[in-house]
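If you use numbering that gives the first Met the number 0, the sequence shown corresponds to residues 0 to 313, in order.
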Amino acid sequence: MTATLSEKDLEQHFEHTIEKDQRIEPRDWVPEGYRKTMIRQIAQHAHSEIIGMQPEGNWITRAPSLRRKAILLAKVQDEAGHGLYLYSAAETLGADRADLTEKLITGRQKYSSIFNYPTLTFADVGAIGWLVDGAAICNQVPLCRSSYGPYARAMIRICKEESFHQRQAYELLMTMMKGTQAQRDMVQDAVNRFWWPSLMMFGPPDAESANTAQSMAWKIKRHTNDELRQRFVDMTVPQAEALGVTLPDPDLKWNAERGHYDFGPVDWDEMKQVVAGNGPCNAERLARRRQAHEDGAWVREAAAAHARKMAEAK
Ligand SMILES: [Fe+2]
Ligand SMILES: [Fe+2]
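Here it is in C-alpha cells:
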C-alpha cells in the first residue's frame, strides 16, 4: 500500500533539502511563495540580459576596429544566450515564455535599471563591461550555489562568460588610457557616468529590501544587497587605481578599522525614478524590444507550423 504524502510531509522535505544545502529540482514540491519568488527573480534576470544587449549593441556598427567589433559582437551574443538559458530555467517552474515576454514589453516585469542609461561614446562599452558586468559577477557568483538547481547550474556558465566580458572591457579601457588625452578623458567621463548606477545594481539598502530576508532563508540569495555592494567597491577601487581613473565619490576611502572602503551615499531617489520608468532610456529600450518582438512574429509562426507538420508526419 502506498501512502500519499501530505502537504506537511512535502513541506518538511522541502525544508530539509534547503537545510542540507541540497538543490531543489523541477520535479520537487515547492511552496507557492518560493515558486513565485524564483520565477520573478529568474524572469527579471532574463529580461536584463536581453534588454542589456541594446546599450552596447548600439556601438557594434561603430566599433573602431575589426578586432573590437568581433569582441563586442561575441559579448552581445553571449548576453542573448544568457537570456535564453534563464527563460528556460523559468519554464522549469511552470512559467510560460510568451507570457514573460508579454509582461516585459507591457512593463509589468522589470529588468535591471542600469540599462536605462545611454551609451554616449565607445568608452561606455568599456565602462559597462568593467563596472556593469563586474557588478553582475559579484551578484551572480553566489547564485551558482542558489537553492534552485536549474538556476544555479545556468549561473555557472553565465559567470564564466561574464568574466570574459569584464576582462575584454578592462583591456579596452587600458588601451584607451595609453592613448591620447582625449581618449583618457572619454574613459574618465564614462566611468563618472556609470559608477553610481553600477552601485544601484545591487538593489535597495538591506533595511529597505522587502525580499531579502525570505530569499536568504530559502537560500535563493546567499548575501545581502549591502554586503555585495561593499564587495564590489572593495574589488573595484584597486582596479580603478591600476587603470589611472578616479571614481566620482569624494567620500571613498580605505577604512582600516573595518577592513573595507567607505563610500558616499547612493542617490536612491534617482534609482526609484529609473525603476519607475523615468530613466533617460526606459521608453526607448522597451519600444525597441517591442518592435523586435513584432518583427519576429513570422519566425515564431513558421517555427510553430514546422513543429506541427513534423508532429503530423510521425
Ligand atoms: Fe550576461
Ligand atoms: Fe555580460
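Beta carbons are placed, not taken as given, at the ideal position from N, Cα and C, and that holds for glycine.
Predicted model only: the values in this text are computed from it and were never measured.
Quick check on this structure: which residue in K74, H305 and K313 has the alpha carbon closest to the alpha carbon of I127? K74
On the DSSP bridge list, what partners appear for I23? Y147
For N254, name the three-state secondary structure that DSSP assigns. strand
Name all residues in chain order for which at least one heavy atom of ligand 3 lies closer than 6 Å to the residue's CB. Judged by which ligands are present, ligand 3 is missing from the structure shown, whose ligands are ligand 1 and ligand 2.
With a Cβ-Cβ cutoff of 7 Å, do V131 and S197 count as a contact? yes
Go through its chain and collect everything with a Cβ distance to V186's Cβ below 8 Å, but skip five positions before and after it. A122, G125, A126, L172, M175, M176, L242 and V244
Is it true that the stretch 83-91 meets the stretch 42-61, where meeting means three or more beta-carbon pairs spaced less than 8 Å apart? yes
From A301, P54 and R288, residue whose alpha carbon lies closest to that of T100: R288
Considering only heavy atoms of ligand 2, does any lie closer than 6 Å to the CB of H44? no
Say whether chain B places a C-beta atom closer than 7 Å to the C-beta of I70. The structure shown contains no chain B; it holds only a single protein chain.
Coarse secondary structure for M0, derived from DSSP in three states: Residue placement at M0 is flagged as unreliable, the pLDDT there being 47, under the threshold of 50; a coordinate-derived value is accordingly withheld.
Evaluate K308 with the Cβ neighbour count: other Cβ atoms within 10 Å of its Cβ, from every protein chain shown; 16 or more gives buried, anything less gives exposed. exposed
For a test of your reading of the model: does the CB of P123 fall under 6 Å from any non-hydrogen atom of ligand 2? Yes or no. The question names Pro, yet the displayed sequence has Asp at residue 123. Because no heavy atom of ligand 2 lies under 6 Å away, the Cβ of D123 does not count as near it: no.
What I want to know is whether the C-beta of H164 ends up closer than 6 Å to one or more non-hydrogen atoms of ligand 2. yes
Quick one: residues in its chain with C-beta nearer than 7 Å to the C-beta of T211, no 5 flanking neighbours on either side, listed in chain order? D205, K220, T223 and N224
Quick one: is the Cβ of D132 within less than 6 Å of any heavy atom of ligand 2? yes
Terminal residues of the continuous alpha helix (DSSP H) containing D98? R96 to I104
C-alpha gap between D95 and F262, whole angstroms: 41 Å
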